[in-house]
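**Student:** Quick note, the numbering used here runs 743 ahead of the 1-based positions in the sequence shown. Cβ coordinates follow ideal geometry from the N, Cα and C atoms, glycine included. Here the structure is a predicted model, which is why all the values come from computation and not from measurement. Okay, handing you the structure first.
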Amino acid sequence: MKVDARSAARILREPGALRVILLHGDDTGLVRERARTAALAVAPDLDDPFRVAVLDRDAPDRLEEEVFALSLTGGRRVVWVRDATDAMTAPLKHCLGQPSDTLVIVEAPGLASRSRLRTLVEAHAEAAAIACYPEEGRALEASIRQMLAAEEIRIDPDALSWFAGLLGPDRAATRGEVEKLALYAGRGGQLSLDDVRTCIGDAAGVSLEDAAFAATAGDRAAADTAIERALAEGTSPIAIARSLLSHLHRLRRARIAMDSGQSRADAMRGLRPPVFFKRTEAFGQALSLWTADRLMDAAEQTQHLERECKQTGAPDLTLCRRHIARLAGTAMMLRRER
């Protein structure tokens, strides 16, 4: 059966009579995290060799042997298959045709939508296929809150919004940054915007902010330096596009407020989260250069950049560098026209 996003967490915590859970999608970190959650629901000790067997993509011939092996210490067994391909379809189908209480967890992050393995699992009543795609927006913020809540840590809304805007599309990287925040705050703590900035001030997301603010203020040299630093720190091109888009939307909201009669300072103060005090000069410079219409055009171009970066084989790093240069060039042109 095909599991929707709302039911995924419940099924992973309580697999019940399911015999197969297939995890597929673009977010490899989320695939691994969900596989671990499902495995722990059945076998609390993942190092127990009598209850947990881990197979790689090159071992489809061992699947049947492990599925029907007896648990010498009692309890249900888990067979955890990593990096699976369609080569696992035939042995998995044979196993589903015979009785067993073993739970087979299949990680297949690169599986195509029309793959035979997905078709098999989605059509079987005792199997579940769960898509694992990068979270964004409110879904990402909800996940961050949930991770922090496990340590009884609260986070201010503006801090959460700022933090979520920095994160890339990989769940493993997100959890790493959240764990850093949890260690900083301590169990039962409270995180403000300043706390979050202090804690992850050396993260790639700060380089992203540097690139966005410098580009829209027309500082080409600083924008180029910042984007190279962000890429060197492992920031994905999609994360770069999303960070730029968030910055452009904030600029446009403030620009519209100014066009309605507010002063530049009041328009900036009205944003949530507020502009960080160390960024106000660059933000104000950009507001004096860009019109609301030009900011909308830049946002649409940035959305197009994200779509291009998602295309298989796209030169995404080059596209990001070129886009940053184009934004900075536009800002420089607007400055000359003033």
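Please report the distance separating the alpha-carbon of residue 1005 from that of residue 1038.
**Tutor:** Going by the C-alpha atoms only, they are around 18 Å apart.
**Student:** Buried or exposed: residue 815, going by 16 or more other Cβ atoms within 10 Å of its Cβ?
**Tutor:** Burial call: exposed.
**Student:** Compare the Cα-Cα distances from residue 801 to each of 768, 851, 1060, 885 and report the closest residue.
**Tutor:** For residue 801, the nearest C-alpha among the options comes from 851.
**Student:** Between residue 827 and residue 809, is the Cβ-Cβ spacing less than 8 Å?
**Tutor:** Result no, Cβ atoms of residue 827 and residue 809 do not sit closer than 8 Å.
**Student:** Apart from the five residues just before and just after residue 876, which ones in its own chain have a Cβ nearer than 7 Å to its Cβ?
**Tutor:** Result list for residue 876: 768, 769, 770, in chain order.
**Student:** Excluding the 5 residues preceding and the 5 following residue 1057 in the sequence, name in chain order all residues of the same chain whose CB lies nearer than 6 Å to its CB.
**Tutor:** Cβ within range, chain order: 1051.
**Student:** Please report the straight-line C-alpha distance between residue 947 and residue 822, rounded to a whole angstrom.
**Tutor:** The predicted model places residue 947 with a pLDDT of 47, which falls under 50 and marks its position as unreliable, so this point remains unresolved.
**Student:** Where does residue 785 fall in DSSP's three states?
**Tutor:** Note: residue 785 maps to helix in three-state DSSP.
**Student:** For residue 1042, which residues of its own chain have a beta-carbon under 8 Å away from its beta-carbon, when the five flanking residues on both sides are left out?
**Tutor:** Taken in chain order, the residues that qualify are 988, 991, 992, 995.
**Student:** In the structure shown, what three-state DSSP assignment does residue 1033 receive?
**Tutor:** Residue state, collapsed to three classes: coil.
**Student:** Decide if residue 1066 is buried, meaning its Cβ has at least 16 other Cβ atoms within 10 Å, or exposed.
**Tutor:** Classification of residue 1066: buried, given that the 10 Å Cβ count is 16 or more.
**Student:** For the alpha helix (DSSP H) holding residue 981, just list the boundary residues, first then last.
**Tutor:** Segment 980 to 1002, the alpha helix (DSSP H) holding residue 981.
**Student:** Measure from the alpha carbon of residue 1076 to the alpha carbon of each residue in 872, 1049, 1033, then state which is nearest.
**Tutor:** Of the listed residues, the one whose Cα sits closest to residue 1076 is 1033.
**Student:** May I ask you to list the residues that DSSP assigns as paired with residue 873?
**Tutor:** Note: residue 873 sits in a beta bridge opposite 746, 766.
**Student:** Distance, Cα to Cα, residue 971 vs residue 820?
**Tutor:** Answer to the nearest angstrom: the Cα atoms are 47 Å apart.
**Student:** For residue 959, does the count of other Cβ atoms within 10 angstroms reach 16, so buried, or fall short, so exposed?
**Tutor:** Buried.
**Student:** Shortest alpha-carbon distance to residue 878 belongs to which of 862, 908, 745, 902?
**Tutor:** Minimum Cα distance to residue 878 is reached at 908.
**Student:** Whose C-beta lies closer than 8 Å to the C-beta of residue 945 among residues of the same chain, with five residues either side of it excluded?
**Tutor:** Because the pLDDT at residue 945 is just 49, under 50, the model does not fix this residue reliably, and the value given afterwards should be weighed accordingly. Contacts found: none.
**Student:** Tell me, which residues are paired with residue 848 by DSSP?
**Tutor:** Beta-bridge pairing links residue 848 to 764, 823.
**Student:** Considering only C-alpha positions, which residue in the set 785, 772, 940 is nearest to residue 853?
**Tutor:** When only C-alpha atoms are compared, the closest one is 772.
**Student:** Alpha helix (DSSP H) containing residue 796: first to last residue?
**Tutor:** Taken as a continuous stretch (DSSP letters only), residue 796 belongs to no alpha helix (DSSP H), being part of the beta strand (DSSP E) at 795 to 798.
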